[in-house]
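Asks: Input: one structure, supplied below.
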Amino acid sequence: MTPDEAAAALGVTKRVLMDSYRRWGIPYVRVGKHVRFRTRDLHNWVDARMQCG
């Protein structure tokens, strides 16, 4: 997923996502100079947060 797609899936702005994805621990992949998010990793990350609280 592109950052735009991932931000939309999470319900945040692209700016919030790009400022916070490392701090939040969201898994990402670098493709050259671009950051991408795997759909299954993003879903697993959200599921893990839902179980915590």
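Counting in the working numbering, the sequence shown runs without a single skipped number right up to 63 at its last residue.
By construction, the Cβ of each residue, glycine as well, lies at the ideal position given by its N, Cα and C atoms.
1) Using a Cβ-Cβ cut-off of 7 Å (strictly less than) and excluding sequence neighbours within five positions of Met-28, which residues of its own chain qualify?
2) Name, in chain order, the residues that DSSP records as bridge partners for Arg-40.
3) Leaving out the 5 sequence neighbours to the left and right, which residues in its chain are closer than 6 Å to Val-39 when beta-carbon positions are compared?
4) Count the other CB atoms, across all protein chains shown, that sit within 10 Å of the CB of Ala-58; report buried if there are 16 or more and exposed otherwise.
5) Compare the Cα-Cα distances from Met-11 to each of His-44, Gln-61, Arg-32 and report the closest residue.
Replies: So, from the data block:
1) Indexing the sequence shown from 1 puts residue 28 at position 18. Answer for Met-28: Pro-13, listed in chain order.
2) Translated into positions along the sequence shown, residue 40 becomes position 30. Beta-bridge pairing links Arg-40 to Val-45.
3) Here residue 39 refers to the residue found at position 29 when the sequence shown is read from its first residue. Excluding positions up to five away in sequence, the list reads Arg-46.
4) Here residue 58 is taken as the residue at index 48 of the sequence shown, counted from 1. By the neighbour-count rule (16 or more Cβ atoms within 10 Å), Ala-58 is not buried but exposed.
5) Here residue 11 is taken as the residue at index 1 of the sequence shown, counted from 1. The shortest Cα separation from Met-11 among His-44, Gln-61, Arg-32 belongs to His-44.
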